[in-house]
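Trainee: Just passing along the structure, written as structure tokens.
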Amino acid sequence: MLTLAIGAATDTGNLRGQNEDAHIAEQNLFAVADGMGGHNAGEVASAMAIEHLRGVALNGVTSAEEFAQVVRELNGAIYASATSTTDQRGMGTTLTAAALLTSTSDTDQPSQIVIANVGDSRTYLLRSGELRQMSVDHSYVQELVTEGLLTVGEARTHPRRNIVTRALGIDEQVSVDTWTIPMFDGDRFMLCSDGLVDEVPLDEITEMMREHSAPQHIAERLVTAAKRHGGRDNITVIVVDVNINAAAPEVVAVPDIAPVIASKSTTSIKKRILALVVVVVVCIGGFVALRHQRSGYFVAFTNSSSSATIAIYKGQPGGLLWIKPTVVEVSTTKRNGMRSEFQREIDRVQQFDSVDKARSYLKIFDAVLKAQG
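Just so we're aligned, residue 142 is where the sequence shown starts under this note's numbering, counting upward by one.
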């Protein structure tokens, strides 16, 4: 028999004057919504999201498609409200939600939960001591990570990390990601707004999630940690423990692999040979340096003027000796057509190991520029 232990905590944080997060943690439904938009509109959007879910999915869902349709209808309701009310124009909200799947008739099959996600609020699962992010962010930096243009660590501190590429209420139609996950005894789910993960390092979150404490205690500890690390945004955390009469998933130990230790060379080199080797190394070093100068690609402005456009260059920024970088292609995006924070990003010069990655970066950058107006 399945039983769930639930804990939830939320806080405005250290800097915000109001809490635009909203959440639900009841029966078979768990969700976190992080609102956005001025004049309290974000608070309205996130509250609408939670109340809509409460009305139609509180007892769980029968399929992932049903849950996705619920979220799509919710998007339409927020969009209609935003376009019909002046002070709510442009409002939207992220949503990460989990609902129990109620259609499983085979008692031999494990209970399942359906996760739905739009935006950069997250759902995690702790299983066998390993914390995994189950949802995928719809954000500028996540697209860069997916394309291999940014590491997860770099994404966490990127100045544009708060730009979402998908949210409820922004467009008339929205694409909803869903995952159906079997649940096992001892599983611990965690849903949160970005106010947690933008502040608290993942290893610290993992350590707290591994504690054998009640979900409410864990949720409160995570919120407190986010405030201790800065608390620059609203913070909401839901923790759900799964207790079920099912065999725990088998954990296969990873065998230890002994390191291979190279033996020390006993070869001695005469001075004459050593001198020759030094000369060869210097020559090779020079050749490698020159070759390196012609390798790689970077994205930068064509010049320092306000009308400069963005270009992809082959080579290294600044050049070396007589070898200068060459222009591969020039975009139509101009410096004076973007906000100052985006200008600074290009001024930092973005480097890549292939022209395809440089093009992918520029494509994503242009899409974000258009979305930001």
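Where a beta carbon is used, it is the ideal one built from N, C-alpha and C, also for glycine.
Being a predicted model, the structure only gives us computed values, none of them experimental.
What would DSSP say about Asn258, mapped onto helix, strand or coil?
Mentor: strand
Trainee: Does the beta-carbon of Leu242 have 16 or more other beta-carbons within 10 angstroms, so that it is buried, or is it exposed?
Mentor: Under this definition Leu242 is a buried residue.
Trainee: Just the Cα atoms here: how many angstroms apart are Ala150 and Gln357?
Mentor: 7 Å
Trainee: Could you give the DSSP three-state label for Thr264: helix, strand or coil?
Mentor: Thr264 carries a strand assignment under DSSP once its states are collapsed to helix, strand and coil.
Trainee: Report the option in Arg263, Leu285 and Glu284 whose CA atom is closest to the CA atom of Met275.
Mentor: Arg263
Trainee: Helix, strand or coil for Gln491? Go by DSSP, reduced to three states.
Mentor: strand
Trainee: Rounded to a whole number of angstroms, what is the C-alpha to C-alpha distance between Leu291 and Val255?
Mentor: 29 Å
Trainee: By the 10 Å Cβ neighbour count, where 16 or more other Cβ atoms means buried, how is Leu199 classified, buried or exposed?
Mentor: exposed
Trainee: Which residue comes first and which comes last in the alpha helix (DSSP H) that contains Pro356?
Mentor: Pro356 to Arg369
Trainee: Just reading off the beta strand (DSSP E) that Arg273 is part of, what are its end residues?
Mentor: Glu271 to Gln274
Trainee: In angstroms, rounded to a whole number, what distance separates the CA positions of Val469 and Tyr454?
Mentor: 5 Å
Trainee: When the Cα atoms are used, what is the spatial distance from Leu285 to Thr298?
Mentor: 13 Å
Trainee: Going by alpha carbons, who is nearest to Ser222 out of Ser187, Thr450 and Val211?
Mentor: Ser187
Trainee: Helix, strand or coil: how does DSSP classify Gln168 here?
Mentor: The three-state secondary structure of Gln168, taken from DSSP, is coil.
Trainee: Once you ignore the five residues that flank Ile487 on each side, which residues in its own chain have a CB closer than 7 Å to its CB?
Mentor: Cβ within range, chain order: Val440, Ala441, Phe442 and Ile451.
Trainee: Leaving aside the five residues before and after Asp278 along the sequence, list all residues of the same chain whose C-beta is less than 6 Å from its C-beta, in chain order.
Mentor: Asp261
Trainee: According to DSSP, Val378 sits in a beta bridge with which residue or residues?
Mentor: In the DSSP output, where bridge partners are listed per residue, Val378 has Ala150 and Cys333.
Trainee: Beta carbon of Val364, beta carbon of Val381: below 7 Å?
Mentor: no
Trainee: What number of angstroms, rounded off, separates the C-alpha of Phe330 from the C-alpha of Ile191?
Mentor: Spanning the two alpha carbons is a distance of roughly 19 Å.
Trainee: Report the option in Gly158, Asn386 and Thr144 whose CA atom is closest to the CA atom of Arg373.
Mentor: Of the listed residues, the one whose Cα sits closest to Arg373 is Gly158.
Trainee: With distances taken from CA atoms, which of Thr224, Leu194, Ser447 and Ser316 is nearest Gly478?
Mentor: Ser447
Trainee: Count Cβ pairs between the stretch 209 to 220 and the stretch 309 to 318 that sit closer than 8 Å; are there 3 or more?
Mentor: The count of Cβ pairs closer than 8 Å, one atom from the stretch 209 to 220 and one from the stretch 309 to 318, reaches three, so the stretches are in contact.
Trainee: Rank Leu510, Arg476 and Leu309 by C-alpha distance to the C-alpha of Asp175 and give the top, closest one.
Mentor: Leu309
Trainee: Distance check for Gln457 and Phe506, CA to CA, integer angstroms please.
Mentor: Between Phe506 and Gln457, the alpha-carbon positions lie close to 21 Å from each other.
Trainee: Taking the C-alpha atoms as reference points, what is the distance between Val341 and His370?
Mentor: 6 Å
Trainee: Between which two residues does the beta strand (DSSP E) carrying Asp344 extend?
Mentor: In the DSSP annotation of this structure, Asp344 is not part of any beta strand (DSSP E); the continuous alpha helix (DSSP H) holding it starts and ends at Leu343 to Met350.
Trainee: Return the first residue and the last residue of the alpha helix (DSSP H) that Leu285 is part of.
Mentor: Where Leu285 is concerned, the enclosing alpha helix (DSSP H) stretches over Tyr281 to Thr287.
Trainee: Go ahead and label Met324 buried or exposed: buried means 16 or more other beta carbons lie within 10 angstroms of its beta carbon, across all protein chains shown.
Mentor: buried
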